[in-house]
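There are 2 protein chains.
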Amino acid sequence: MTDVGALGAGAEFDAIRLMIERWGTRARGIGDDAAVVALPRGDALVASVDTAVEGKHFRPEWLTPREISYRAVAAALSDLAAMAAKPVGVLVAITLPERWRENLIELADGIADAVDVAHTTIRGGNLSDGSELSITTTVLGATFKPVGRKGSRIGDHVYVTGRLGAPATAVRMLSEGKTPAQYRERFARPIPRILEAVWLAGRGISAAVDISDGLVADAGQLAAANGLGIALDAALVPRFADVAIDVALSGGEEYELLVTAPTDLDVAEFEGRFALPLTRIGVVTPMAAEPVVVTGARVGSLHGYDHFSV
Amino acid sequence: MTDVGALGAGAEFDAIRLMIERWGTRARGIGDDAAVVALPRGDALVASVDTAVEGKHFRPEWLTPREISYRAVAAALSDLAAMAAKPVGVLVAITLPERWRENLIELADGIADAVDVAHTTIRGGNLSDGSELSITTTVLGATFKPVGRKGSRIGDHVYVTGRLGAPATAVRMLSEGKTPAQYRERFARPIPRILEAVWLAGRGISAAVDISDGLVADAGQLAAANGLGIALDAALVPRFADVAIDVALSGGEEYELLVTAPTDLDVAEFEGRFALPLTRIGVVTPMAAEPVVVTGARVGSLHGYDHFSV
């Protein structure tokens with residue numbers, strides 16, 4: 000059975016909910032970052048699909064072709080990280096307009112970069128003509144113990160990887176015609192936290208999401224999936240240099256992980272191993288009026304990141 | 000290692016070959032209808048992706064929205080049939096322009112129809128905004144003994160399922176503004192030959208393809224993959240009522256199976272079980288100047304079906 004309630008708000012989610020309701024029992028396991036499919040010999044396959052459309056999910060003038068395809072595939076791989084699955088391959092379907100054909104090699108190289116970062120390979124693809132560049136990536140992973148959005152309990156600690164706010168700052172500067180300088184790399188070359196997720200799963204985390212829609216928005220997704228609340232202390236949220244707290248809380252295009260854990264995680268071991276911060280930023284609470292309550296800072300209006308508005 | 004030679008001719012294949020060469024060892028198993036991915040516990044996962052783009056792969060004025068999404072998903076499922084894999088699920092990524100939103104329920108119903116025909120379920124999806132309707136379907140299957148394009152030997156019999164030519168005849172009539180009458184159903188509602196493929200795999204076939212690009216074109220793909228030739232007797236090719244031999248040989252949009260087998264297949268048992276013809280139409284030969292030699296009928300210029308020209 001698919002748990003429609005696990006999906007969040009917004010027009011895109013409404014449309015997805017409508018389709019899932021129409022599908023009834025034909026739709027299975029949708030609502031997590033990736034589906035878990037049981038195979039005959041006992042493997043648990045984790046699968047997810049993600050599309051990046053020119054002008055909707057990326058602006059060609061902000062990125063090189065190699066960065067565009069890298070980001071598309073890396074974003075899809077991040078859904079495997081959110082499930083703590085080890086990648087076994089990707090399939091890439093590209094709609095390639097005539098005007099993009101001269102960039103084919105660069106697009107291929109960006110895909111290669113992304114599978115290299117995740118230590119995986121390309122297992123299939125499709126190339127179509129069309130009027131806008133579009134890259135649809137299916138990621139396949141294997142896991143012995145999948146982690147999903149559900150599993151958090153009241154009192155669990157909430158942790159986040161990395162330092163937040165650089166991609167959103169880069170997007171804002173790019174839209175203002177400025178050079179994003181030190182913020183650009185985190186926007187143009189996000190790193191799916193694959194190995195980090197496998198480590199975290201081995202330490203007994205109860206749930207995980209990636210925060211591609213922004214910390215507060217995705218924390219809200221995780222809270223909704225569990226029928227619980229999340230209280231975040233804004234003062235604890237790790238920020239990239241000179242990033243405003245609002246941006247760190249709501250900025251999208253992050254591919255860090257938000258996890259809940261019933262016990263203290265060994266932060267020093269994690270940070271030593273991955274050279275990446277792991278920070279406790281809150282706690283799982285009973286359900287409240289708002290799924291996510293932010294304390295510890297005077298913050299403006301917080302909202303999730305809408306890909307459609309890029 | 001990926002066998003670039005297994006891909007056929009044409010601009011689309013050239014572009015794919017270019018990417019695969021660029022990817023080197025990062026690309027694995029591409030060239031068959033679907034990739035076979037080995038999983039930790041011993042499962043053989045079969046995966047493939049296929050995209051249908053408005054105005055390129057289908058014309059909205061020829062089909063209902065429900066038929067458009069049905070065909071997109073059924074075509075992808077046919078790649079599992081070509082590998083004799085049993086579907087374990089599909090993932091559907093839809094790019095949905097504003098003007099298509101009112102058809103969302105019909106599109107959902109067509110996807111449901113296709114998974115019902117293949118006795119499978121929807122395991123994930125993605126919905127994006129964009130300027131043209133596009134449906135990218137990833138199909139996942141499991142198999143204990145995958146069948147690919149390679150494996151044919153000289154002297155193997157060549158069989159085809161079904162009766163050919165109806166979809167291409169329907170397309171021709173539609174492009175001439177005529178009503179395709181009895182030909183329409185085979186074009187609008189192609190049936191992936193999933194159960195038939197599993198039966199054939201159990202009877203020791205040596206190779207298989209679906210003939211979505213047309214009998215002669217896909218026979219050429221199979222011949223090329225094996226470094227051999229195929230001789231077809233046109234007089235034996237089963238045709239839909241009142242279809243010209245040229246159309247049966249070269250018409251695309253078929254989702255029948257072409258298989259090679261080292262021994263006689265039990266045609267009566269197959270036909271009794273599936274209410275579908277299984278016809279011996281040729282033999283595997285040494286490589287000749289042309290990969291496919293057609294005898295037994297005076298035929299015009301034969302060429303594969305180009306999706307881009309629809």
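Here the protein sequences line up with chains U and C, keeping their order. So for the first sequence, numbering that gives the first Met the number 0 puts the first residue at 0; every next one is plus one. So for the second sequence, numbering that gives the first Met the number 0 puts the first residue at 0; every next one is plus one. The beta-carbon is built from N, C-alpha and C at its ideal position, and this holds for glycine as well. Just so we're clear, the structure is a prediction, and the values are computed from it rather than from any experiment.
1. Going along chain C, which residues have a C-beta under 8 angstroms from U:Ala33?
2. Whose Cβ in chain C lies nearer than 9 angstroms to the Cβ of U:Asp190?
3. Once the 5 residues before and after U:Tyr182 are set aside, which same chain residues still bring their CB inside 6 angstroms of it?
4. Can at least three beta-carbon pairs, one atom from the region 46 to 60 of chain C and one from the region 104 to 118 of chain C, be found at a separation below 8 angstroms?
5. Smallest Cα separation from C:Pro191: which of C:Ile210, C:Phe269, C:Thr178?
6. If you draw a straight line from the alpha carbon of C:Gly281 to that of C:Ala75, how long is it in whole angstroms?
7. Can the beta-carbon of C:Pro285 be found less than 7 angstroms from the beta-carbon of C:Ala222?
8. Taking Cβ to Cβ, would you say U:Gly140 is nearer than 7 angstroms to U:Leu90?
9. Nearest chain C C-beta to U:Ala111 closer than 7 angstroms, yes or no?
10. On the DSSP bridge list, what partners appear for C:Thr135?
11. Whose C-alpha, out of C:Val197, C:Tyr254, C:Val146, is nearest the C-alpha of C:Glu184?
12. List the whole-angstrom C-beta distance separating C:Thr49 from C:Asp78, where the pair is believed to meet the contact cut-off of C-beta under 8 angstroms.
13. When we look at the beta-carbon of C:Glu66 and count the other beta-carbons within 10 Å, is it buried (16 or more) or exposed?
14. For the beta strand (DSSP E) containing C:Arg279, name the first residue and the last one.
15. Could you tell me the alpha carbon to alpha carbon distance between U:Ala46 and U:Val138, rounded to whole angstroms?
16. Confirm, please, whether the CB-CB distance from C:Ala71 to C:Ile134 is below 7 angstroms.
17. Short of 7 angstroms Cβ to Cβ, which residues in the region 126 to 151 of chain U face chain C?
18. Tell me, please, which residues DSSP counts as bridged to U:Phe57.
19. Closer than 8 angstroms by beta-carbon distance: list the chain U residues that pair up with C:Leu17, in chain order.
20. Can you tell me whether C:Arg162 is buried or exposed? The criterion is at least 16 other CB atoms within 10 Å of its CB, across all chains shown.
21. Evaluate U:Ser174 with the Cβ neighbour count: other Cβ atoms within 10 Å of its Cβ, from every protein chain shown; 16 or more gives buried, anything less gives exposed.
22. Once you ignore the five residues that flank C:Lys144 on each side, which residues in its own chain have a CB closer than 7 angstroms to its CB?
23. If we require 3 or more residues per run, which beta strand (DSSP E) segments fall completely within the region 61 to 117 of chain C?
In brief:
1. The residue you call residue 33 of chain U lines up with position 34 of the first sequence. Residues of chain C passing the Cβ test: Gly123.
2. As a working note, residue 190 of chain U is residue 191 in the first sequence. Before going further, note that residue 190 of chain U is Ile rather than Asp in the sequence given. By Cβ distance, chain C contributes nothing, its closest Cβ being about 18 angstroms from U:Ile190, past 9 angstroms.
3. Translated into positions along the first sequence, residue 182 of chain U becomes position 183. The beta carbon of U:Tyr182 lies closer than 6 angstroms to those of Ala165, Thr168, Ala169 in the same chain, with the five residues before and after it left out.
4. no
5. The residue you call residue 191 of chain C lines up with position 192 of the second sequence. Of the candidates C:Ile210, C:Phe269, C:Thr178, the one whose C-alpha sits nearest the C-alpha of C:Pro191 is C:Ile210.
6. For the purposes of this step, residue 281 of chain C is taken as the residue at position 282 of the second sequence. For the purposes of this step, residue 75 of chain C is taken as the residue at position 76 of the second sequence. So the alpha carbons of these two residues sit roughly 27 angstroms apart.
7. Reading the second sequence from its first residue, position 286 is the one you call residue 285 of chain C. Reading the second sequence from its first residue, position 223 is the one you call residue 222 of chain C. No, these two residues do not count as a Cβ contact at 7 angstroms.
8. Position 141 of the first sequence holds residue 140 of chain U. Position 91 of the first sequence holds residue 90 of chain U. Their beta carbons are not under 7 angstroms apart, which means U:Gly140 does not touch U:Leu90 by this criterion.
9. Counted from its first residue, the first sequence places residue 111 of chain U at position 112. Yes, because at least one Cβ of chain C sits closer than 7 angstroms to the Cβ of U:Ala111.
10. Start at 1 with the first residue of the second sequence, and residue 135 of chain C comes out as number 136. Paired residues: C:Thr50, C:Ala92.
11. On the second sequence, residue 184 of chain C is found 185 positions in, with the first residue counted as 1. Nearest option by C-alpha distance: C:Tyr254.
12. What you label residue 49 of chain C is simply residue 50 of the second sequence in a count that begins at 1. What you label residue 78 of chain C is simply residue 79 of the second sequence in a count that begins at 1. It should be pointed out that residue 49 of chain C corresponds to Asp in this sequence rather than to Thr. Rounded, the Cβ-Cβ distance is 7 angstroms, consistent with contact.
13. Looking up residue 66 of chain C in the second sequence gives position 67. Label assigned to C:Glu66: buried.
14. Position 280 of the second sequence, counted from the start, is the residue given in the question as residue 279 of chain C. Note, C:Arg279: beta strand (DSSP E), 277 to 284.
15. Along the first sequence, one-based indexing puts residue 46 of chain U at 47. Along the first sequence, one-based indexing puts residue 138 of chain U at 139. Their backbone Cα atoms lie some 6 angstroms apart in a straight line.
16. Within the second sequence, numbered from 1, the residue matching residue 134 of chain C stands at position 135. Within the second sequence, numbered from 1, the residue matching residue 71 of chain C stands at position 72. In contact: C:Ile134 and C:Ala71 (Cβ atoms closer than 7 angstroms).
17. Of all residues in the region 126 to 151 of chain U, only Leu126, Ser127, Asp128, Gly129, Ser130, Glu131, Ser133, Thr135, Thr137, Leu139, Ala141 come within less than 7 angstroms of chain C when Cβ atoms are compared, listed by chain position.
18. Residue mapping note: residue 57 of chain U aligns to position 58 of the first sequence, counting from 1. DSSP output for U:Phe57 lists U:Glu53 as bridge partner(s).
19. Indexing the second sequence from 1 puts residue 17 of chain C at position 18. Under the 8 angstroms cutoff, chain U gives Leu103, Ile104, Ala107.
20. Residue 162 of chain C sits at position 163 when you count from the first residue of the second sequence. Answer is buried; the Cβ neighbour count reaches 16.
21. Here the question's residue 174 of chain U lines up with position 175 in the first sequence. Under this definition U:Ser174 is an exposed residue.
22. Taking the first residue of the second sequence as 1, we reach residue 144 of chain C at position 145. Taken in chain order, the residues that qualify are Ala200.
23. 85 to 94
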